[in-house]
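There are 2 protein chains.
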Amino acid sequence: MTDQKRIVLKPIGYVRTKAVGDEVKDKGRTSQIVIDSEFSEAIEGIDGFSHIFVLFWLNQVSRQPKILKVHPRGREDMPLLGVFATRTKLRPNPIGLTLVELLEVKGNVLFVRGLDAFDGTPVLDVKPFDSWDIAEDAKVPEWWTKLNQERSGRS
Amino acid sequence: MTDQKRIVLKPIGYVRTKAVGDEVKDKGRTSQIVIDSEFSEAIEGIDGFSHIFVLFWLNQVSRQPKILKVHPRGREDMPLLGVFATRTKLRPNPIGLTLVELLEVKGNVLFVRGLDAFDGTPVLDVKPFDSWDIAEDAKVPEWWTKLNQERSGRS
Chain A
139 MTDQKRIVLK
149 PIGYVRTKAV
159 GDEVKDKGRT
169 SQIVIDSEFS
179 EAIEGIDGFS
189 HIFVLFWLNQ
199 VSRQPKILKV
209 HPRGREDMPL
219 LGVFATRTKL
229 RPNPIGLTLV
239 ELLEVKGNVL
249 FVRGLDAFDG
259 TPVLDVKPFD
269 SWDIAEDAKV
279 PEWWTKLNQE
289 RSGRS
Chain B
139 MTDQKRIVLK
149 PIGYVRTKAV
159 GDEVKDKGRT
169 SQIVIDSEFS
179 EAIEGIDGFS
189 HIFVLFWLNQ
199 VSRQPKILKV
209 HPRGREDMPL
219 LGVFATRTKL
229 RPNPIGLTLV
239 ELLEVKGNVL
249 FVRGLDAFDG
259 TPVLDVKPFD
269 SWDIAEDAKV
279 PEWWTKLNQE
289 RSGRS
């Protein structure tokens with residue numbers, strides 16, 4: 139396969155938010171992505187897009203023990219699923235992926251709405267959202283639909 | 139911000155495809171994601187979703203020199219843009235993100251359509267696609283629309 143068994147990344151910036159705890163899940167909340175000054179040039183033109191993907195490092199997650207299966211949102215009435223069948227933070231590589239609205243760019247700061255990441259979270263990448271990221275006819279399992287009807291928020 | 143200046147990841151599997159060169163960009167092509175056996179349990183239930191995001195490591199990309207701006211698809215008639223305003227592989231952290239159709243799961247192998255990754259590419263994560271990943275009213279800049287009208291494929 140490849141000679142790279144270990145992959146090393148470096149944050150490109152970090153999240154700034156006043157939200158604490160579950161408040162970060164509120165999709166209406168705004169927060170900021172502060173891009174490190176060495177990458178300032180790399181955001182030029184991003185303001186042409188209304189939405190971006192944010193890839194971030196879930197640094198609050200303990201990497202021990204190794205967890206491969208979870209109940210969505212910890213609910214035991216839901217099926218026990220592989221972590222790759224959910225959006226749980228408990229993943230072999232704890233990378234978060236969230237689609238956010240890009241409200242404004244000021245200097246090296248991106249103002250966004252809907253980022254469910256805590257204050258200080260390291261950001262790994264931002265990518266513009268376009269029509270290739272849409273699956274019109276996507277199907278989800280029954281448990282997902284049930285959870286989603288019950289409340290907002292995702293697992 | 140955080141005490142983690144360097145982030146270390148480990149592949150969870152790799153891509154298997156017969157496509158070579160630009161053939162990988164053909165959205166109709168099928169390929170396979172071979173999940174490492176230690177993570178087999180983690181894909182249980184993923185077959186309930188029709189689409190998944192694949193996060194992969196762009197191991198073919200040289201990390202030198204540091205590039206912060208590019209012309210989309212290398213076309214000089216297009217504006218010079220920050221790499222974060224494009225989907226170029228030349229990113230500070232070369233992580234690829236592609237939405238693919240999940241056709242079938244057999245053992246620890248995911249059969250997918252539309253993955254633009256070369257044979258042997260290390261896979262970092264797979265995540266189910268759901269309606270939280272859709273921005274209905276997304277806007278893109280004029281250069282993007284122009285490029286997209288000219289041909290299929292993305293930059």
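Those sequence lines, one after another, are chains A and B. Per the numbering used here, residue 139 is the first one in the first sequence, and the count goes up by one each step. Per the numbering used here, residue 139 is the first one in the second sequence, and the count goes up by one each step. Every residue gets a Cβ at the ideal spot worked out from N, C-alpha and C, and that includes glycine.
The contact set of A/L253 on chain B, defined by CB atoms closer than 8 Å, is empty, because the minimum CB distance reaches about 12 Å. Within 10 angstroms of the beta-carbon of B/V261 lie 16 or more other beta-carbons, which makes it buried.
Among the residues of chain B, those whose CB is under 9 Å from the CB of A/L193 are L193, N231, I233, L235, following chain order. When DSSP states are grouped into helix, strand and coil, B/L228 belongs to the coil group. Between B/D254 and the set B/T236, B/D271, B/G245, B/L248, the nearest pair of CA atoms involves B/T236.
Note on B/P232: 16 or more other CB atoms within 10 angstroms of its CB, so buried under the neighbour-count rule.
Going by C-alpha positions, B/G166 is about 14 Å away from B/V158. The beta-carbon distance between B/F194 and B/G234, rounded to whole angstroms, is 5 Å. This is short enough to meet the 8 Å contact definition. At a cut-off of 7 Å between C-beta atoms, B/A180 counts as an interface residue with respect to chain A. At least one beta carbon of chain A lies nearer than 7 Å to the beta carbon of B/P266.
Rounded to whole angstroms, the separation of the alpha carbons of B/H209 and A/N286 is 41 Å. Against chain B, a Cβ distance below 8 Å from A/P279 picks out G183, G186, F187. Between A/V192 and A/F256, the gap from beta carbon to beta carbon reaches 7 Å or more. Of all residues in the region 194-221 of chain A, those with a C-beta nearer than 7 Å to a C-beta of chain B are W195, N197, L206, K207, P217, L219, G220, V221, reading in chain order.
Under DSSP, B/E242 takes part in a beta bridge, and its partners are B/F249. Assigned with DSSP and collapsed to three states, B/V162 falls in helix. Contact annotation, B/R154 with A/K148: C-beta distance approximately 29 Å; criterion of less than 8 Å not satisfied. Listed along the chain, the chain B residues whose CB falls inside 9 Å of the CB of A/V250 amount to none; the nearest CB is some 12 Å away. Chain-order list of chain B residues neighbouring A/R144: V146, L147, K148, by C-beta distance under 8 Å.
In the three-state DSSP reduction, A/D257 falls in the coil class, being neither helix nor strand. Taking 7 Å as the cut-off, the beta carbon of A/A276 is found closer than this to the beta carbon of B/F267.
For B/K207, the secondary structure class from DSSP, reduced to helix, strand or coil, is strand. Between the alpha carbons of B/E179 and B/I173 lies a distance of about 10 Å. Here the alpha carbons of B/S175 and B/L248 stand approximately 13 Å from one another.
Under DSSP, B/I233 shares a beta bridge with B/W195. A distance below 7 Å between beta-carbons, with the five flanking residues on each side excluded, links B/Q198 to the following residues of its chain, in chain order: F256.
Contact of B/I171 with chain A by beta-carbon distance below 7 Å is absent, the smallest such distance being about 10 Å. Taking CB atoms only, A/R289 has no neighbour in chain B less than 7 Å away. Between B/A223 and chain A, the shortest Cβ-Cβ separation is below 7 Å. In the structure shown, the three-state DSSP call for A/K284 is helix. Here A/V146 carries a strand assignment [DSSP, helix/strand/coil]. Nearest neighbour of A/T168 by Cα position, chosen from A/V238, A/T283, A/I272, A/P279, turns out to be A/V238.
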